[in-house]
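Have a look at the structure below, then the notes.
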Amino acid sequence: MNRLAILGASGHGKVVADTAECCGWEVIDFFDDAWPQLNSIGEWQVVGDTALLKSRMQIYDGVLVAIGNNRIRYRKLLELEEAGGRLCSLVHPAATVSRYAELKSGSVVFAGAVVNAEALIGRGAIINTGSSVDHDCVLGECVHVSPGARLAGGVKVGDLSWVGIGASVRQFVQIGTQVTVGAGAVVTADIADLLTVVGVPAKALFKLNVP
């Protein structure tokens, strides 16, 4: 009987767990740092926090971090990896991932998403419902491509960046690290690190102040 541990009992966690069931995972346990006050999420039980998960890591065949915030997801992913967790990836049966694409550990591809040939998806990425990542795209670590977003061929997205719901990115555009692309934005030119961009065409709204 295969066992999956999911860290992060949230709405996003529900979609991860549902996808895991569709992929054949038989036992799914949630962990969250709000435990024990938080003891269930939908149909699933929350059985411990991060510390407890780390102490039980050996009983799980796979672990995933189901936290929407890219920076927190990255930090937790490293923490579990250092503790010996077997990071796995999930591809929903209703998603299409080319056999010539590469999906690194800790990533999830949800129903209706498409990842085309020679795309490279970094660790801990979220390719959300109905989104598309076209040929030769390169996504860094813990990138989130939101539902309905579209990346044309050859797009590069830096670590910890977020492409908002329904956004579109023109072919060969390069998006920096820790960038946020607003919902429905149309990105036609390269975006520097740490920027939030919105609109059609997308323009900078503000720059993130990272210590």
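Note that the working numbering has the sequence shown beginning at -5, numbered continuously upward. Beta carbons are placed, not taken as given, at the ideal position from N, Cα and C, and that holds for glycine. The structure displayed is predicted, hence computed values, not measured ones.
{"query": "I185, DSSP secondary structure in three states", "result": "strand"}
{"query": "Start-to-end residues for the beta strand (DSSP E) that takes in G42", "result": "W38 to G42"}
{"query": "Coarse secondary structure for K201, derived from DSSP in three states", "result": "strand"}
{"query": "Residues bridged to D23 [DSSP beta-bridge criterion]", "result": "A(-1)"}
{"query": "Exposed unless 16 or more other CB atoms sit within 10 angstroms - verdict on V161", "result": "The amino acid occupying residue 161 in the given sequence is Ala; Val does not appear at that position. Buried, because 16 or more other Cβ atoms sit within 10 Å of the Cβ of A161."}
{"query": "Local Cβ density within 10 Å of D128, reported as buried at 16 or more and exposed below that", "result": "buried"}
{"query": "Q52 versus V157, N(-4) and Q168, residue with shortest Cα-Cα distance", "result": "N(-4)"}
{"query": "Pair within 8 Å by beta-carbon distance, G36 and K8", "result": "yes"}
{"query": "Short Cβ contact (8 Å threshold) for E73 with L81", "result": "no"}
{"query": "Residues near G116 by beta carbon distance below 6 Å, same chain, minus five either side", "result": "K98, L133, G134 and E135"}
{"query": "Top-ranked residue by Cα proximity to G158, from I120, A111 and Q39", "result": "I120"}
{"query": "Outcome for Q31 when other beta-carbon atoms lying within 10 angstroms are tallied against a minimum of 16", "result": "exposed"}
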